[in-house]
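With UniProt numbering as the guide, the letters of the sequence shown map in order to residues 1 to 680. No residue lacks a Cβ here, since even glycine has one placed at the ideal position from N, Cα and C. This report refers to the structure that appears directly beneath it.
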Amino acid sequence: MRTPLPGARKLYVDAHIRFEKWVEPTEFGLPNARVLWVFPGVIALLFVVLVALGVSGSSTGVYWSVFGSGGADPDLLNGVPRPIRSDEWLVQSSWVVSQVQQGFPALNQTFPGGMDATVQNDLPAWDWSTLFRPHLLGFLALPLDQGMAIRWWLPGFSVVVGAYLFIVTMLPKRPLTAALLAIAVYYTPIFQWWYMPTTLWPAALAFIAMAATVWCLRSPRLGVRIAWAAVTGYLAVTTAMSIYAPFIVPAALVVLFFFVGAWIAEAKRQSLGFRGSFRRVLPLILAAVGAGVILVVWILTRWSTIRALFATVYPGQRLEPTGTVDAKRLIGLLGGPFNELLAGDTSGAQGITLGPNQSEASSVVLYALFFLIPLCWLIAADWRSKRHVNWIAVSIAGCTVFVFAFLLIPGWDPIAHLLLVDRTTEARMRLAFVMLGIASIVVIVKRLDRRDIALPGGVVWSSVAVTASSIALVAAVLTVRNPAALALATNWRITAVLIVLGVFFILKRWAFAGAAAILIAALFVGSGISPLYRGVFDLNDTEVGQAVRAVDEKDPGTWVGIGAFVPTAVLVESGVRALNGVQTYPPTEMWSMIDPDKRSENEWNRLANVNWELGAGEPVVTNPVRDQIRVSFDACSDFAQKNVSYVLSETPIDSECVTAVETVSEGSSSFTIYRVTNGG
């Protein structure tokens, strides 16, 4: 007869038994419905609450420094707006508000001749392609604040849910570990500093596609396979419509390697043969074909825009040579554990050791590198003992080596070009390490959970040594080159210990403890980057925004903004016809007005922010940097007399060809609206 266990231990054992029953996988080795959907349900509830409150992480609150009446911004709930995130708050958010003002046209009418809102700008529009941009649908049905909240949270939370679904698909008895790791993925610095749909959807697609691959190969139920394939195909279209290859390429690369490895592994494990396994993945293949058809239709129906985009001088069709990571860039690549310093560096000057600015310096904690030795050891051990090849482990290790080869080894550009990997860049390729790090952890834990093998101490400590050494190297370089930057990473020692412990715990099969350490480390390096902001700082609600709209509604015309970024943003958000703003490609009608002889085509045929400054004579076009177009403006020039009605300027204009209409002062700013006259 069994002796009753002591109370506390009995409670623990009973709880453990109940938990084991709760997470019991299906007969096909897949997670049960509870494990699969409880955590995503919690994330969905959080999403609904944040959207209802109109809270996002947008940095549009930067405008408070210009228009605020003093004191703290009442809509800033936590953190600080990030001026470096101008792609979000100045470019994309301004065009979103412009679309709202114009009624969501497929062709935004701010620039003369219009600009396609459905290509690359990622803008809400009454166009069929918006059905494949779920993060934009909220704008068409909800107020601006709620629409912006959906646009902000849906891609990010999709990464969390996608990562979770992939992890529990591979580790169906470890939902808690999966949840911790999925949240850690969200706080990866490269996501937080590049937080936009174009960055997040490729990662979400990669995780979902890898999970779908396993489900299609293991589940005999056709309906289940079709459902996973349909979601994957839909997200493939969503991702591809961004036309931002630098983030798509690394995600696609990881998926391709994993798909091949998982297909071979499951075909052999289940003795399916080629035909049987092909039938299993056929829904995925058909989904890919269907996604391709949709994309072809989308491209053909806006071919002139696509052609203009790829014909630009910048970005045009950029190709990245192999082996671009030199000693300096290597520090940036390894600098993930120190990315806390980027958040503390409000000037952006201290992060220069890791990269040219905070966004470019953002990286990934390279768990894919730290776990490469044990991954290879497990592959070799399985082969030695059973003549068995762990094809998923091989695919992950192979992809990791391939990515490092692209970054570190020069001289094989033709091969890279043939494989399309030269469409990404060194900084964007880091995205691959997010998925590879999680996949490495999952494969190692899954193999160790079988309990028929244990990693030797030499393998464990070698991995720990690689982890610690990479962190120590960056710390040493920062200490010598930029001690002020290192001082901004106030918790780097704690972060380093947590990362090392995370690696150690995973390799000792203490997966939950390892995931917890990895999550806490991720919070140190990746949290607090984006603010929590209520609503959108809509420039149409400012006095100058209202003045511009009032003048234009009374007598519509074409506007030019002169000054820093604010006049441009005001004109774009107001929805008036203007010659300012970020162009993804050069609108033909606008530039035929400015430069009819195309003498400066090399300067204006690019993706860039078009701004104006006071000058003399006909417009002169220059490029202060490659993504900026600066044009001189003289109200008495033939160009201005024929094409410009109003000027919004931060500085006084002394010209006989303008008449002041209204001066507006608000906060620390002052703007004057001028009407262009003939000077007579």
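Annotation: the continuous beta strand (DSSP E) that includes residue 562 extends over 558-562. Counting of Cβ neighbours within 10 angstroms places residue 12 among the exposed residues, the total staying below 16.
The three-state secondary structure of residue 101, taken from DSSP, is helix.
In the DSSP assignment, residue 111 falls outside any beta strand (DSSP E), carrying neither H nor E. Contact between residue 120 and residue 271 is absent: CB atoms are separated by about 47 Å, not below the 8 Å threshold. DSSP places residue 76 inside the beta strand (DSSP E), whose first and last residues are 76-78. Pairing residue 484 with residue 445, the inter-Cα distance amounts to about 39 Å. With a cut-off of 8 Å on Cβ pairs, the stretch 228-241 is in contact with the stretch 287-303, counting three or more such pairs. By the beta-carbon neighbour count (other beta carbons within 10 angstroms, threshold 16), residue 233 is buried.
In the DSSP secondary-structure assignment, residue 608 is bridged to 583. Its Cα nearest to that of residue 491, the residue 342 stands out among 283, 342, 290, 105. In the three-state reduction of the DSSP assignment, residue 668 falls in the coil class. Where residue 649 is concerned, there is no enclosing alpha helix (DSSP H), although the beta strand (DSSP E) around it starts and stops at 646-649. By the 16-neighbour rule on beta-carbons within 10 angstroms, residue 595 is buried.
Residue 256 and residue 610 have their C-alpha atoms roughly 39 Å apart. Secondary structure of residue 322 (DSSP, three-state): coil.
Using a Cβ distance threshold of 8 Å, residue 225 and residue 266 do not count as a contacting pair. Within its own chain, the residues whose Cβ lies closer than 7 Å to the Cβ of residue 73, once the five positions on either side in sequence are excluded, are 61, 64, listed in chain order. Per DSSP, residue 12 is one residue of the alpha helix (DSSP H) stretching across 7-22.
Between residue 361 and residue 354, the CB-CB gap stays under 8 Å. For residue 454 and residue 182, the gap between their C-alpha atoms comes out near 26 Å. Unbroken alpha helix (DSSP H) runs of no fewer than 4 residues, entirely contained in the stretch 357-410, are found at 358-361, 367-370, 372-386, 391-408, following chain order.
DSSP, reduced to helix, strand and coil, places residue 272 outside both helices and strands of the structure shown, so it counts as coil. In this structure, DSSP gives residue 676 an extended state, which the three-state scheme calls strand. Sixteen is the threshold: since fewer than 16 other Cβ atoms of the shown chains lie within 10 Å of the Cβ of residue 16, the residue is exposed.
With a cutoff of 8 Å on beta-carbon distance, residue 673 and residue 648 are scored as near each other. Leaving aside the five residues that flank residue 489 on each side, the residues in its chain whose CB is nearer than 6 Å to its CB run, in chain order, 338, 340, 341. Residue environment analysis places residue 562 among the buried positions, since at least 16 neighbouring C-beta atoms fall within 10 angstroms of its C-beta. Bounds of the beta strand (DSSP E) holding residue 533 are 532-534. In chain order, 67, 666 place their CB closer than 7 Å to the CB of residue 542, counting only its own chain and leaving out the 5 sequence neighbours on each side. Using a C-beta cut-off of 8 Å, the stretch 582-592 makes contact with the stretch 104-122, since at least three inter-stretch Cβ pairs fall below that distance. Non-local beta-carbon contacts of residue 199 in its own chain, meaning distances under 7 Å to residues more than five positions away in sequence, involve 191, 247 in chain order. Counted as a single uninterrupted DSSP element, the stretch harbouring residue 453 is not any beta strand (DSSP E), since DSSP gives it neither H nor E. An exposed status is given to residue 310, since fewer than 16 other beta-carbon atoms sit within 10 Å of its beta-carbon. In the three-state reduction of the DSSP assignment, residue 119 falls in the coil class, being assigned neither a helical nor a strand state.
Cβ contact annotation for residue 260 (same chain, cutoff 7 Å, sequence separation greater than five): 395, in chain order.
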